[in-house]
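The number in the working numbering is simply the position in the sequence shown, starting from 1, with 93 added. To start, the structure under review is shown below, and the notes come after it.
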Amino acid sequence: MAPMGIRLSPLGVIVFCLLGLGVLYHLYSGFLAGRFVSFVLGGQLEQPDVPPGSVDLRELLAVSVLAAVRGGEEVKRVREGNTLNEKAKGKTREGAEEKMTNGDVLSNRKMFFLLKTTFPTVQINTEEHIDAGDQETVSWDRSIPEDIKKKISPKLVQADSVTVWIDPLDATQEYTENLQQYVTTMVCVAVNGKPVIGVIHKPFSSYTAWAMVDGGSNIKPRSSYNEQNPKIIVSRSHAGKVKQVAWETFGNKTTILTAGGAGLLPLMICLPPIIWSISWNLDIVFNNSMIQNGCGNFQEFRTLNQHQRKPLGWFK
Numbered sequence: 094m095a096p097m098g099i100r101l102s103p104l105g106v107i108v109f110c111l112l113g114l115g116v117l118y119h120l121y122s123g124f125l126a127g128r129f130v131s132f133v134l135g136g137q138l139e140q141p142d143v144p145p146g147s148v149d150l151r152e153l154l155a156v157s158v159l160a161a162v163r164g165g166e167e168v169k170r171v172r173e174g175n176t177l178n179e180k181a182k183g184k185t186r187e188g189a190e191e192k193m194t195n196g197d198v199l200s201n202r203k204m205f206f207l208l209k210t211t212f213p214t215v216q217i218n219t220e221e222h223i224d225a226g227d228q229e230t231v232s233w234d235r236s237i238p239e240d241i242k243k244k245i246s247p248k249l250v251q252a253d254s255v256t257v258w259i260d261p262l263d264a265t266q267e268y269t270e271n272l273q274q275y276v277t278t279m280v281c282v283a284v285n286g287k288p289v290i291g292v293i294h295k296p297f298s299s300y301t302a303w304a305m306v307d308g309g310s311n312i313k314p315r316s317s318y319n320e321q322n323p324k325i326i327v328s329r330s331h332a333g334k335v336k337q338v339a340w341e342t343f344g345n346k347t348t349i350l351t352a353g354g355a356g357l358l359p360l361m362i363c364l365p366p367i368i369w370s371i372s373w374n375l376d377i378v379f380n381n382s383m384i385q386n387g388c389g390n391f392q393e394f395r396t397l398n399q400h401q402r403k404p405l406g407w408f409k
């Protein structure tokens, strides 16, 4: 009840209440809206800010996975549409013809520009050519897959210490032969020259494997290895003298299996009965981080015996 002689105006009360509500709305609308959007998007906005000149390796892993998947979509689309447009781009060290297809080119564009747009200060290396005037903006919605968020914590490193390698289509020869099980897209991240992130995607089965050294992986380690009767897997088209060297080193009872492409090798190591993989140095950068935190141990050595002097990688 108002004091005697004073009568409150209903209109004034309404105006006062509206002003109060306006102040409260102004103070809390931004906060509540942010919390609501974060809830709807599954917490995507709760990622910490990254200082200038730094890179969050967890974010880089998420984008690497996305890049491998998007590249794989192009690889699959070209193969299923039979629009390969094969071209020869040279020969391997073993003398086999090295091919390039529309799948290589289109996958390369998707993967390269997604990574470059998201991390413009990071060095991105690719097996395929990128024209200097060729520009494409491919955005990232800043979402991080749940399996990565559960296993990997944010980790900041200097951007100039990071180098990314991409292989937009591994096993091109097998790709042209429509041997789909061998085909992969790959991303590797190194910090100060040491591989720390590996991503391998199989476009035709939609399977993606990833690992981060001292972080985690979506691959379960093998429980045991049978070292009495070793089985060794080598590249189908880049074997070189590996078979001969393996028999000389591990004995003639060693079983030699072949697979196409570097990307398939570490995936097969994770599955019985493969025990060893011998890979030429070019492929080591993609496989090291995958094996190191995924399925076993990695060792590198220069010489298997006095007749073999080329660098080899050994994955156990």
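Backbone N, C-alpha and C define an ideal beta-carbon position, used for all residues, glycine too.
A residue is called buried once 16 or more other Cβ atoms fall within 10 Å of its Cβ, and Glu267 is buried on that count. The three-state secondary structure of Glu221, taken from DSSP, is coil. DSSP places Glu229 in the coil class of the three-state scheme, outside both helix and strand. Closest by C-alpha distance to Ser236, out of Val156, Ile293 and Leu249, is Val156. Partner residues in the beta bridge of Trp258, as assigned by DSSP, are Asn218 and Cys281. In this structure, Ile241 places its C-beta atom within 8 Å of the C-beta atom of Arg151. Pairwise C-beta distances place the stretch 209 to 227 out of contact with the stretch 290 to 304, as fewer than three of them are shorter than 8 Å. With 16 or more other Cβ atoms from the protein chains shown falling within 10 Å of its own Cβ, Thr194 counts as buried. Taking the Cα of Ser299 as reference, the smallest distance to any Cα among Arg170, Pro288 and Ser310 is reached at Arg170. Here the alpha carbon of Val215 sits roughly 8 Å from the alpha carbon of Ser254. By the neighbour-count criterion, in which a residue is buried when 16 or more other Cβ atoms sit within 10 angstroms of its Cβ, Ile107 is exposed. It is roughly 19 Å from the alpha-carbon of Leu350 to the alpha-carbon of Glu270. Asp149 and Ser328 have their C-alpha atoms some 34 Å from each other. The secondary-structure analysis by DSSP pairs Thr301 across a beta bridge with His294.
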